[in-house]
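Enquirer:
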Amino acid sequence: MTDNALVRRCLEGNMESYRTLMGRYREQAMALALNILANYQDAQDACQEAFLKAFQNLDRFDLERNFKNWFYALLSHVCLDQVRKRNRFRHFIGRLRGQDRLTESVSAPNPGVPTYQAMGLLSRLGPKERTAIYLWSQEGYSGAEIAAVLGCSQKTAHVHLFRARARLKAILKEE
Amino acid sequence: MNHTRWIQMVIRLLPFNSGLSLRFRRHLEQCPECQGELADIQEARASTIGQDDIGASRDFWPAFALSLERPKPRRHVGAGLGWAWALGTAGLLALAITGAFFLIPFSRQEVLSPGVKLRVNYVKMYEQPAQAFIFQTQEANSTFVWVEKLKTGEAL
Numbered sequence: 000m001t002d003n004a005l006v007r008r009c010l011e012g013n014m015e016s017y018r019t020l021m022g023r024y025r026e027q028a029m030a031l032a033l034n035i036l037a038n039y040q041d042a043q044d045a046c047q048e049a050f051l052k053a054f055q056n057l058d059r060f061d062l063e064r065n066f067k068n069w070f071y072a073l074l075s076h077v078c079l080d081q082v083r084k085r086n087r088f089r090h091f092i093g094r095l096r097g098q099d100r101l102t103e104s105v106s107a108p109n110p111g112v113p114t115y116q117a118m119g120l121l122s123r124l125g126p127k128e129r130t131a132i133y134l135w136s137q138e139g140y141s142g143a144e145i146a147a148v149l150g151c152s153q154k155t156a157h158v159h160l161f162r163a164r165a166r167l168k169a170i171l172k173e174e
Numbered sequence: 000m001n002h003t004r005w006i007q008m009v010i011r012l013l014p015f016n017s018g019l020s021l022r023f024r025r026h027l028e029q030c031p032e033c034q035g036e037l038a039d040i041q042e043a044r045a046s047t048i049g050q051d052d053i054g055a056s057r058d059f060w061p062a063f064a065l066s067l068e069r070p071k072p073r074r075h076v077g078a079g080l081g082w083a084w085a086l087g088t089a090g091l092l093a094l095a096i097t098g099a100f101f102l103i104p105f106s107r108q109e110v111l112s113p114g115v116k117l118r119v120n121y122v123k124m125y126e127q128p129a130q131a132f133i134f135q136t137q138e139a140n141s142t143f144v145w146v147e148k149l150k151t152g153e154a155l
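These protein sequence lines are chains A and B, in that order. For the first sequence, numbering that gives the first Met the number 0 gives the first residue as 0, with consecutive numbering after it. For the second sequence, numbering that gives the first Met the number 0 gives the first residue as 0, with consecutive numbering after it.
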C-alpha cells in the first residue's frame, strides 16, 4: 500500500495505518536526525516529536504530494530547531563560564548510547549542509527535493550541497 | 588563481546572482578539476550515517500511543493576553475605588459617634499647649470651639 493511501486511511480513523507508516520510516528518520544532530538521544527525541507533529498535522497534508518529503521537511525543521536551541543554551552556558562559546561536543552523553565515526566529520559541517549531503548521498535527492525539505530555494539548496561537498573533501584530504 | 580557491569563492557567491549561479553550477558539475575538489557521492555516503549503519531503530509507537492517550494540556490564554486581563481588572478596580471615594457624599455623622458630636483631645497654640472649650447650642446645629492660651504657671 502506498504512503498516501495509508495517510488517507489514517485520516479515516485507522490508527494502524499510521503505525505502518511510522515503521516504514523510523530508520530513515533516525538516520536523517542523527546526521543533523550528531547525537543519538537528541535524534530519538526529534523523531518522536516529528512523528507526533506529523500525525497532528496530517489533515493539512496534501495527498497529491510525497509523504516522505513532507515528513522529512517536518523532521529536518524539528532537528534544526533543536540545533538552534542547543546553540543558544551552549552560548548561554559559555557566557556564564566567561567564555564566548563552548566548543561543540559530539560524543554521546551516556555510555551505552551508540556513537558513529561519521559524527566527528559531520560536526565540522553546518546543520543545513549535513542535511543536504545526507539527502544527496544516502537518499539520492536532487537539488529541488533538498530545497523542498529545507524550505529554501533550489539555488540555496545547491549552495548548501556544494559547500558541504567542498568542506568534506577538504576534511578528507586533511586526514 | 587555482581551482580550489576559485571554487571556494564561487560557492560563496552563488546565492547572490542566479545567472552566475547556474553557469558556475554547470561548471562545477562538468569540470574534472573542480570535481576533484568536491567530495563525490561515494565519499559523501561513507562520511554520513546511513540507514544500514543504524540497524533496527527504536519503535516509536509505544511512546507515541502514550502521548496520544495523555490528555492534551489545556490551551493557555496567551501569556500577553493574561497579563492584559489582569492589568485591565486592576485598573477598573482602582477606578471604582477612586470613584467611590470622591462620589459618595461625606457625612459628618458617620465620622463622629452619635453621642459625642465633637471632641478636642489636645490643642496647641503657637507651639504651646492650649485649652479648648466647646460650646454646642441646644437646638441649632452648630458647634463653637474656643481655644485659649494657658496663663503662665497654669496647667491643663
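For glycine and all other residues, C-beta sits at the position ideal for the given N, C-alpha and C.
1) Strictly under 9 angstroms for the Cβ-Cβ distance: is LYS32 (chain B) near chain A by that measure?
2) What are the start and end residues of each continuous beta strand (DSSP E) run of 3 or more residues lying completely inside the region 83-108 of chain B, in chain order?
3) Is DSSP giving ILE170 (chain A) helix, strand or coil here?
4) Going by C-alpha distance, which of A:PHE66, A:GLN55, A:ALA131, A:LYS154 is nearest ASN34 (chain A)?
5) For a test of your reading of the model: does the CB of ARG89 (chain A) fall under 8 angstroms from any non-hydrogen atom of the ligand MG? Yes or no.
6) Check whether the Cβ atoms of ARG85 (chain A) and ASP58 (chain A) sit closer than 9 angstroms, and answer yes or no.
7) Indicate whether the contact test is met: 3 or more Cβ pairs, each with one atom in the region 78-92 of chain B and one in the region 57-71 of chain A, closer than 8 angstroms.
8) Taking DSSP as the reference, what is the three-state secondary structure of PHE132 (chain B)?
9) Can you give the beta carbon distance from MET175 (chain A) to PHE50 (chain A), rounded, assuming they're within the 8 angstroms contact cut?
10) Tell me which residues share the same chain as LEU167 (chain A) and place their Cβ nearer than 8 angstroms to its Cβ, disregarding the 5 neighbours each side in the sequence.
11) Can the beta-carbon of GLY150 (chain A) be found closer than 9 angstroms to that of HIS76 (chain A)?
12) Which one of A:ILE92, A:ALA143, A:LYS127, A:GLY139 has the shortest CA to CA distance from ASP80 (chain A)?
13) List, in chain order, every chain B residue whose beta-carbon is nearer than 7 angstroms to that of ALA117 (chain A).
14) By the DSSP assignment, the beta strand (DSSP E) with GLN47 (chain B) in it spans what residues?
15) Since GLN127 (chain B) sits in a beta bridge, which residues does DSSP pair it with?
16) Taking only beta-carbon positions, decide if ALA55 (chain B) is within less than 9 angstroms of chain A.
17) Taking DSSP's pairing of strands, which residues face PHE143 (chain B) in a bridge?
18) Taking Cβ-Cβ distances below 7 angstroms as the criterion, which residues of the region 150-168 of chain A are in contact with chain B?
19) Tell me whether the beta-carbon of ALA146 (chain A) lies closer than 9 angstroms to the beta-carbon of THR155 (chain A).
20) If the cut is a Cβ gap below 9 angstroms, which residues of chain B does ILE132 (chain A) touch?
21) Beta-carbon of PHE50 (chain A) versus every beta-carbon of chain B: anything under 9 angstroms?
22) Would you list the one or two residues that DSSP bridges to LYS148 (chain B)?
23) Give every residue of the same chain whose Cβ lies closer than 7 angstroms to the Cβ of GLN153 (chain A), excluding the five residues on either side of it in the sequence, and list them in chain order.
24) Please report the straight-line C-alpha distance between ILE133 (chain B) and PHE100 (chain B), rounded to a whole angstrom.
25) In the DSSP assignment, find the alpha helix (DSSP H) that holds GLU26 (chain A) and state where it starts and stops.
26) Closest to PRO61 (chain B) by CA distance: which of A:ASN56, A:PHE88, A:PHE60, A:TYR17 is it?
27) Does VAL144 (chain B) pass the burial test, meaning 16 or more other C-beta atoms within 10 Å, or should it be called exposed?
28) Determine the contact status of LYS67 (chain A) and TYR24 (chain A), defining contact as a CB-CB distance below 9 angstroms.
29) Is the beta carbon of ILE53 (chain B) sitting closer than 9 angstroms to the one on SER136 (chain A)?
Expert: Judging by the given coordinates:
1) The sequence given here has Glu at residue 32 (chain B), not Lys. It does not: the Cβ of GLU32 (chain B) has no partner Cβ on chain A nearer than 9 angstroms.
2) none
3) helix
4) A:ALA131
5) This structure lacks the ligand MG, and indeed carries no ligand of any kind.
6) no
7) no
8) strand
9) Since the first residue shown for chain A is 0 and the last is 174, residue 175 (chain A) is missing from the structure and cannot be characterised.
10) LEU120, LEU124, ILE132
11) yes
12) A:LYS127
13) SER46, THR47, ILE48
14) Just to set this straight, residue 47 (chain B) is Thr in the shown sequence, not Gln. No beta strand (DSSP E) contains THR47 (chain B), which DSSP labels as neither H nor E.
15) B:MET124
16) yes
17) B:PHE134
18) LYS154, THR155, HIS157, VAL158, PHE161, ARG162, ARG164, ALA165, LEU167, LYS168
19) yes
20) ALA38, ALA43, SER46, THR47
21) yes
22) B:ALA129
23) GLY142, ALA143, ALA146
24) 30 angstroms
25) 14-36
26) A:TYR17
27) exposed
28) yes
29) no
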